[in-house]
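Going by the working numbering, the first residue of the sequence shown is number 5, and it counts up by one from there. Just below is one structure, and these are the notes that go with it.
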Amino acid sequence: MEVKIGVQHAPREIVLESGQPAEEVERAVSDALTGKAELLCLVDDHGRKVLVAASRVAYVELGEPTARKVGFGAP
Numbered sequence: 005m006e007v008k009i010g011v012q013h014a015p016r017e018i019v020l021e022s023g024q025p026a027e028e029v030e031r032a033v034s035d036a037l038t039g040k041a042e043l044l045c046l047v048d049d050h051g052r053k054v055l056v057a058a059s060r061v062a063y064v065e066l067g068e069p070t071a072r073k074v075g076f077g078a079p
C-alpha cells in the first residue's frame, strides 16, 4: 500500500510503499494522531523503518500501490 505522510514545517511529503496490512497501518496512524503513541512507525517494502514524531504529522494519505511502468510502451 502507498502511504504519504505530510510533516509540519517540511516542504515535501514522505512517500513509501508498505507491505503492512492496511488495518495495521491505520492503527499505527490512529495511535499517533490520538496521542497513544509518540512516534508514527511504519515499515517499507525494503524492511526500512520510517519514524515520524506524532506531534509533527500534518496528514496521512493511504492508497493502493502504484504499478511502475517499465519500457517505452504507450500509456
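Don't be surprised by glycine CBs; every beta carbon is placed ideally from N, CA and C.
Where the beta strand (DSSP E) through residue i begins and ends
| i | result |
| --- | --- |
| alanine 41 | Looking at the DSSP string, alanine 41 is not in any beta strand (DSSP E), and its letter there is neither H nor E. |
| glutamate 6 | 6-11 |
| glutamate 68 | First-last for glutamate 68: undefined, no H or E at that position. |
| glutamate 21 | 18-21 |
| alanine 57 | 53-57 |
Residue i - DSSP class collapsed to helix/strand/coil
| i | result |
| --- | --- |
| alanine 32 | helix |
| glutamate 26 | One point to set straight first is that residue 26 is alanine, not glutamate, in the sequence displayed. In this structure, alanine 26 counts as helix in the three-state DSSP scheme. |
| alanine 14 | coil |
Rounded Cβ spacing between residue i and residue j (contact assumed at less than 8 Å)
| i | j | result |
| --- | --- | --- |
| leucine 43 | alanine 62 | Between alanine 62 and leucine 43 the Cβ distance is about 15 Å, and since that is not below 8 Å, they are no contact. |
| leucine 20 | leucine 46 | 7 Å |
Does the region 14-26 come into contact with the region 35-45, if we say contact requires no fewer than three beta-carbon pairs (one atom in each stretch) closer than 8 Å? By the C-beta criterion, the region 14-26 is judged not to be in contact with the region 35-45, since fewer than 3 inter-stretch pairs fall below 8 Å.
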